Structure formats: C-alpha cells, structure tokens
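Residue numbers (UniProt numbering): 1 to 128. Just so it is clear, CB atoms sit at the ideal spot from N, CA and C, and this is done for glycine as well. None of these values were measured; they are calculated from a predicted model.
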C-alpha cells in the first residue's frame, strides 16, 4: 500500500541524507514535556554572505518605488537557516539534544552595505 508522506518529511529526509543535524532549537528557556538534565554551554552560528549586484539594482528600484525585495529576502532566509544549522551542529558535537534560549542578530556590513551577517546563539542542553 502506498502512503503519501507530508512534504516536511521529504525535506527532513533530504536533510538527513545531506548530513544536516535535526534537533530541537527554541527561543524559550525550556522544552515542553522534556526535562533539561545538563547545560553544556553557549553555542554560536555565524554566516556572512555577499549581496549580489543584480539584487542590489532591484532593491534600489524598490527603495524608490516601494515594495519588497524578493532577492534580499531569499538571501536573508538562506543565511538564517545556515546559521541555525551551524549552531545545531556545534551542539550535536557536544552530545546535546537541544539548543534553548536562541537569539538571532542581523547586520549589514561593508562600506557599500554589500555583506549580510547573521549570527545566532543559544544554550546547548541535554534532555531526559
């Protein structure tokens, strides 16, 4: 019998095949229905990425005429996911089950604002 899996399961399967670590990452200081058994320290994820010149042109026009910049938004989403994955991987290397108290920060760098930096931090924990 063939069973249709939810789309998110297919994404998780692909992430597992690529070696991406799946773990609990939350902005709260606890994990519902789980007990934190040990705090293993702060973990960080950092990504700095260049902004494409063609995206800059489109964004400049949107600044004049109004509207959203899909190119910048896509770049931001990708950088955020990479930073979170990097942080989760660092927690997993410590033998942890989750990262709690996650905070994110975004900065535009460079004299021409051509770089985007996304950082995140949280506390790596072990759960029961």
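Taking the CA atoms as reference points, residue 96 sits about 13 Å from residue 35. Within the DSSP bridge table, the entry for residue 117 names 48, 107 as partners.
The beta carbon of residue 105 sits closer than 7 Å to those of 119, all from its chain and outside the five residues before and after it, given in chain order.
Taking C-alpha positions only, residue 111 is separated from residue 91 by approximately 34 Å.
DSSP places residue 77 inside the alpha helix (DSSP H), whose first and last residues are 70-93. Taken atom to atom, the span from the alpha-carbon of residue 24 to that of residue 89 is near 11 Å.
In this structure, DSSP gives residue 123 an extended state, which the three-state scheme calls strand. Per the C-alpha coordinates, the member of 127, 109, 81, 77 positioned closest to residue 44 is 81.
In terms of CA proximity to residue 26, 99 leads the group 76, 127, 99.
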